[in-house]
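The sequence shown maps to residues 579 to 1108 in the working numbering.
Cβ coordinates follow ideal geometry from the N, Cα and C atoms, glycine included.
This report refers to the structure that appears directly beneath it.
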Amino acid sequence: MSEETRVARRAGTVGAATMVSRVLGLVREQVMATLFGAGLATDAFNVAFRIPNLLRDLFAEGAMSSAFVPTFTAVREREGDAAAWAFGRQLMAALVVVLAALCGAGWVFAPALVRLFAPGFADVPGKLELTVLLTRVMLPFLPAVALAAAAMGMLHAHGRFGVPALAPMLLNLGMVVVGVGLIPAARALGQPDVLAMAVGVLVGGVLQFGVQLPALAGLGFRLRFERPTFPAPVRRVAALMLPATVGLAATQLNLLVSTIVASLLEQGSVSWLWYAFRLMQLPIGVFGVALATVSLPALSRAAVAHDLDGVRTTLSATVRLVLLLTIPAAVWLAVMSAPVVALLYEHGRFGPRDTARTAAALVMYCVGLPAFAAVGVLTRAFYALGDTRRPLQASAVSVGLNIALNLTLMGPLGHLGLALATSLTSIANALQLAFHLRRRLGRIEGRRMAQTAARVAAASLAVGLACAAGLALLGGRARGTWWTEAVVVAGGLLFALPAGWAAMRALRVAELAAAESIVASALARLRGRR
């Protein structure tokens, strides 16, 4: 079995679970758009949620996971399962102590944080105060999701990917079911409706951790209280996390910069960018994150064994699959942006103007979609090798570039300039990481990656043309009912899939067989087969 096929089959399982989770995420966004539109409450919620979400990516699912999985794998390979489980419990105890203290500080300094993240909110009566309230409610989400990330890392190290991939759907269920269900209680208490959604986020974070415990128990893990200590493996994770916190956080830090600048633009800009970025995250999650997730344990095992050929092979196979899947996805999403946004969000208080602004931002984000996905794989290769310095350097350059591009493009392009700046920065970040990996490994099959990218890009022209033909045939430019938009979006997909597949066959894209394995594995998983 080729490395592409091996990675693809595992990614199919993760991709299927991630698809379910992301669909629920879209339902969550639809609920938010219907109930609150793109106004004051939504802007406040999005900024308030971005604060613990940023910290989550820095200290939990992002940097911590990428530092934890290689360390856990090394302990397990050298000392056995018992030592690895003990290490996992010690890390969880340390996370609770550190992040509880961080939440306390966040509660005290919430007004200053909101002023930093959204300086323009102070000019709108009540907007700053509402954002501070929502931030304080959602801060405890951080330790809950950090424990969930630790559980996820242990399952990944044991080759279990399905349950961890499904766990995030509980955040979306928490917001939709618990959040909406608590709106009457919020009104009865004289609180804003959006406060109930913040409570739903907190409940969802707790559920993300709890749902993974049975799978861990089946592998032999026993959850019990440990006195917080900092043995050598925990200290190593902390040491790797310090630079990894910045190295893996380039995307979130760049989004934070965009949020700060967007808060200075017309009201709704923060929400238009948020909704567009969430849509762009759907193919990244299903394809990019799935492939990056399954590649990290394999990269870590190869690195522990000093098998650099294994690292090169896994890295090349994963990046080529990312390009194969995300380039046509970006083209499809850009061409179909208006009907997709209208279908998913144009309900209730989210009107045609919001659809147009969000769709335009989505096109700009699609420019960098493949790079967003590739950065996740490239960065994980560095952490598997124990190298946190290079991603840190690349991230610092990216953040500086993003600030410069934001300030340059916000004047002529408004919120579209912020989305384009984020995409261009992500492309620059991916190129930097690939350059440094080539120097570290000697070679990374860069020519083969470039050939795959060129062929897939050429085939994606067929995807774009097919979508354009579908829009012309189905009248996609006209805004209609929900069913009209659904027909247009479905038609665009039905036109694009065979066109893209045939073009890739004609251009002899070698990785297409592995991509077909992803689809087959995902469909099998969705049908309940292993």
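Please state whether DSSP places residue i in a helix, a strand or coil.
{"i": "Q1010", "result": "helix"}
{"i": "R1055", "result": "Residue placement at R1055 is flagged as unreliable, the pLDDT there being 49, under the threshold of 50; the coordinate-derived value follows with that caveat. Here R1055 sits in coil by DSSP."}
{"i": "R1021", "result": "coil"}
{"i": "D659", "result": "helix"}
{"i": "Q1111", "result": "In the structure as shown, the chain starts at 579 and stops at 1108, and residue 1111 therefore has no counterpart that could be examined."}
{"i": "R1086", "result": "coil"}
{"i": "P809", "result": "coil"}
{"i": "Q1029", "result": "helix"}
{"i": "V692", "result": "helix"}
{"i": "M988", "result": "helix"}
{"i": "R958", "result": "helix"}
{"i": "L767", "result": "coil"}
{"i": "D965", "result": "coil"}
{"i": "D621", "result": "helix"}
{"i": "F650", "result": "helix"}
{"i": "E804", "result": "coil"}
{"i": "H993", "result": "helix"}
{"i": "A883", "result": "coil"}
{"i": "V1066", "result": "helix"}
{"i": "A616", "result": "coil"}
{"i": "L911", "result": "helix"}
Output the distance between the C-alpha atoms of residue i and residue j, rounded to the nearest integer angstrom.
{"i": "T936", "j": "G684", "result": "31 angstroms"}
{"i": "V653", "j": "L1052", "result": "58 angstroms"}
{"i": "A939", "j": "L851", "result": "6 angstroms"}
{"i": "L604", "j": "G1078", "result": "25 angstroms"}
{"i": "W663", "j": "A727", "result": "15 angstroms"}
{"i": "E655", "j": "T837", "result": "43 angstroms"}
{"i": "L749", "j": "V781", "result": "7 angstroms"}
{"i": "L983", "j": "L996", "result": "8 angstroms"}
{"i": "G768", "j": "S643", "result": "40 angstroms"}
{"i": "M670", "j": "V955", "result": "25 angstroms"}
{"i": "R1086", "j": "A1037", "result": "10 angstroms"}
{"i": "L994", "j": "R802", "result": "49 angstroms"}
{"i": "M988", "j": "G978", "result": "16 angstroms"}
{"i": "M732", "j": "G666", "result": "7 angstroms"}
{"i": "D771", "j": "G617", "result": "13 angstroms"}
{"i": "D621", "j": "A611", "result": "11 angstroms"}
{"i": "L680", "j": "L717", "result": "9 angstroms"}
{"i": "V953", "j": "A1040", "result": "26 angstroms"}
{"i": "L1002", "j": "A594", "result": "29 angstroms"}
{"i": "R628", "j": "L744", "result": "22 angstroms"}
{"i": "L1019", "j": "Y923", "result": "45 angstroms"}
{"i": "A1092", "j": "A1032", "result": "18 angstroms"}
{"i": "G1054", "j": "A974", "result": "Note that G1054 has pLDDT 47, beneath the 50 cutoff, so the model's placement of it is unreliable and no number is given."}
{"i": "L1011", "j": "P811", "result": "27 angstroms"}
{"i": "L708", "j": "G783", "result": "21 angstroms"}
{"i": "V741", "j": "S873", "result": "17 angstroms"}
{"i": "E804", "j": "G798", "result": "17 angstroms"}
{"i": "Q845", "j": "V867", "result": "32 angstroms"}
{"i": "V815", "j": "A883", "result": "19 angstroms"}
{"i": "V625", "j": "C1045", "result": "34 angstroms"}
{"i": "G1048", "j": "Q608", "result": "25 angstroms"}
{"i": "R1107", "j": "A1064", "result": "Below a pLDDT of 50, predicted positions are generally treated as unreliable, and R1107, at 45, falls in that range; the measurement from the model is reported next regardless. Cα-Cα distance, rounded: 29 angstroms."}
{"i": "F719", "j": "A1081", "result": "45 angstroms"}
Between which two residues does the alpha helix (DSSP H) holding residue i run?
{"i": "M747", "result": "M747 to L751"}
{"i": "L842", "result": "Careful: L842 lies outside any alpha helix (DSSP H) and carries neither H nor E."}
{"i": "M942", "result": "P930 to C944"}
{"i": "M775", "result": "V772 to G788"}
{"i": "T709", "result": "K705 to M716"}
{"i": "I862", "result": "Unbroken run through I862: none, as it is neither H nor E."}
{"i": "A916", "result": "S915 to Y923"}
{"i": "P792", "result": "L791 to L797"}
{"i": "P742", "result": "G740 to L744"}
{"i": "A727", "result": "F719 to A735"}
So residue i and residue j are supposed to be a Cβ contact under 8 angstroms. How far apart are they, rounded?
{"i": "A688", "j": "V710", "result": "5 angstroms"}
{"i": "A920", "j": "T933", "result": "5 angstroms"}
{"i": "V889", "j": "L963", "result": "7 angstroms"}
{"i": "V692", "j": "T713", "result": "6 angstroms"}
{"i": "T651", "j": "A729", "result": "About 15 angstroms; that fails the 8 angstroms criterion."}
{"i": "G864", "j": "R600", "result": "Here residue 864 turns out to be Val, not Gly, going by the sequence shown. V864 to R600, Cβ: 6 angstroms. Contact."}
{"i": "R1026", "j": "S894", "result": "6 angstroms"}
{"i": "V1066", "j": "P917", "result": "4 angstroms"}
{"i": "G757", "j": "V777", "result": "7 angstroms"}
{"i": "M819", "j": "L947", "result": "About 27 angstroms; that fails the 8 angstroms criterion."}
Considering only heavy atoms of the ligand ADP, does any lie closer than 6 angstroms to the CB of residue i?
{"i": "Q971", "result": "This structure does not include the ligand ADP; it has no bound ligands of any sort."}
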